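Counting from 6, one number per residue, gives the positions in the sequence shown under this note's numbering. Glycine is no exception: its CB is placed at the ideal position from the N, C-alpha and C atoms. It should be emphasised that the depicted structure is a prediction, and the values quoted were computed from it without experimental measurement. The block underneath contains the structure these notes are about, expressed in structure tokens.
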Amino acid sequence: MTIRAVVKGVGHYLPERMVPNSEFEAIVDTSDEWIRSRSGIERRHFAAEGQGTSDLATRAAKAALADAGLQPDDIDAIILATSTPDLTFPAAATMVQAALGMTRGFAFDVQAVCAGFVYALTNANALILSGQAKRVLVIGAETFSRLMNWNDRSTCVLFGDGAGALVLEATDSPGTSADRGILSTDLNSDGRYRDLLYVNGGVSTGTTGHLVMEGKEVFRHAIEKLAQTAHTALDKAGLTPEDVDWIVPHQANIRIIEGTAKRMQVPMDRVVVTVQDHGNTSAASIPLALSVGRDRGQIKQGDLLVTEAIGGGLAWGSVVIRW
Numbered sequence: 006m007t008i009r010a011v012v013k014g015v016g017h018y019l020p021e022r023m024v025p026n027s028e029f030e031a032i033v034d035t036s037d038e039w040i041r042s043r044s045g046i047e048r049r050h051f052a053a054e055g056q057g058t059s060d061l062a063t064r065a066a067k068a069a070l071a072d073a074g075l076q077p078d079d080i081d082a083i084i085l086a087t088s089t090p091d092l093t094f095p096a097a098a099t100m101v102q103a104a105l106g107m108t109r110g111f112a113f114d115v116q117a118v119c120a121g122f123v124y125a126l127t128n129a130n131a132l133i134l135s136g137q138a139k140r141v142l143v144i145g146a147e148t149f150s151r152l153m154n155w156n157d158r159s160t161c162v163l164f165g166d167g168a169g170a171l172v173l174e175a176t177d178s179p180g181t182s183a184d185r186g187i188l189s190t191d192l193n194s195d196g197r198y199r200d201l202l203y204v205n206g207g208v209s210t211g212t213t214g215h216l217v218m219e220g221k222e223v224f225r226h227a228i229e230k231l232a233q234t235a236h237t238a239l240d241k242a243g244l245t246p247e248d249v250d251w252i253v254p255h256q257a258n259i260r261i262i263e264g265t266a267k268r269m270q271v272p273m274d275r276v277v278v279t280v281q282d283h284g285n286t287s288a289a290s291i292p293l294a295l296s297v298g299r300d301r302g303q304i305k306q307g308d309l310l311v312t313e314a315i316g317g318g319l320a321w322g323s324v325v326i327r328w
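In structure tokens form, the structure reads like this:
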């Protein structure tokens, strides 16, 4: 028998404030048509004043726990993927732990920007396979609206806030590609490309800073690297793109999503797309898409999914999961 990390519950949370593209027309030289044609984004959500990343994460976590039929103290560990924690420290995951009333186990953050949730899933899988934890709550949550340069029309229109969460549970399985749960993972990074996507603030500057992005270069790297990591993860699992029921990609830009699917030779009707409603929510985008895709009736038990993401670092990776 083989231990697999199986998804037992999923949930998400979006802040109440929904921001349509038209709101940006009063801020920068842009239009709804310009934003849609270049990104596929129609609207996004922004966190309220005083609403932190840990608040969004806690709401998504509660939804995932309810979906799994579990209580906070049934969880052994919380891994929160975020680049926008409430404070420099402690980890926002510990704030979620306290807010849930979870009095046991451990909690920590993972920072790999838009690839953060893939990194968090991989770490959760390793904890479960090694016997360090039986149940892990994996969350992606961001308040990227607080990193925007509102004078930069090429970036400020792209990002939004939100959170999504999964509960993973150790389950005995036969050890074949037909098993439910995480079947393979693939992680990569290359620090030579750090200047393509970064925030120009932090401890060294004494400021929060703003997001800076070389959009054309990020686009070029994204399609190549996302298709490559997805193929690698499928190969590790002994599977092919023909076996895939759904690609659940990082929701950054519809053209990147379409380009990656084309390279993988997977039709767009087998891709879960939420970018039009959420914008780029960084580490929250994949768990948001998983939760929304399940709620829509697209993702069903037994379906084979490939999640893939790329973000600042550059950092990228993928996870193959049977739902």
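When the beta-carbon positions are compared, ALA289 and GLU147 come within less than 8 Å of each other.
In the three-state scheme derived from DSSP, where H, G and I count as helix and E and B as strand, MET100 is classed as helix.
DSSP links ASN285 through a beta bridge to PHE164.
Residue environment: GLN303 is assigned as buried (16 or more neighbouring CB atoms within 10 Å of its CB, all protein chains considered). Between ASP166 and ALA52, the gap from beta carbon to beta carbon is short of 8 Å. Here DSSP, grouped into helix, strand and coil, assigns LYS13 to strand.
LEU295 places its beta carbon less than 8 Å from that of GLY169. Each residue's CA atom was taken as its position, placing GLN306 and GLY206 some 43 Å apart. For the pair GLY243 and ALA314, the Cα-to-Cα distance works out to about 21 Å. The three-state reading of DSSP puts GLU38 in helix, counting H, G and I together. Collapsing the DSSP output to three states places SER323 in a strand. The alpha-carbon separation between VAL217 and GLY121 amounts to approximately 18 Å.
Between the stretch 153-167 and the stretch 95-104, the count of Cβ pairs shorter than 8 Å is below three; the stretches do not touch. If you draw a straight line from the Cα of PRO254 to the Cα of VAL278, it is about 8 Å long.
In the structure shown, THR234 falls within a helical segment according to DSSP collapsed to helix, strand and coil. Excluding residues up to 5 positions away in sequence, GLU263, ALA266 lie with their Cβ nearer than 7 Å to the Cβ of MET273 in the same chain. Taking all protein chains in view, the Cβ of LYS230 is crowded by 16 or more other Cβ atoms within 10 Å, so the residue is classified as buried.
In summary, VAL208 is exposed, with fewer than 16 beta-carbon neighbours lying within 10 Å of its beta-carbon over all protein chains present.
Contact between the stretch 25-41 and the stretch 196-206 is not established, with fewer than three Cβ pairs separated by less than 8 Å. If you draw a 10 Å sphere on the C-beta of LYS13, you find 16 or more other C-beta atoms in it, and that means buried.
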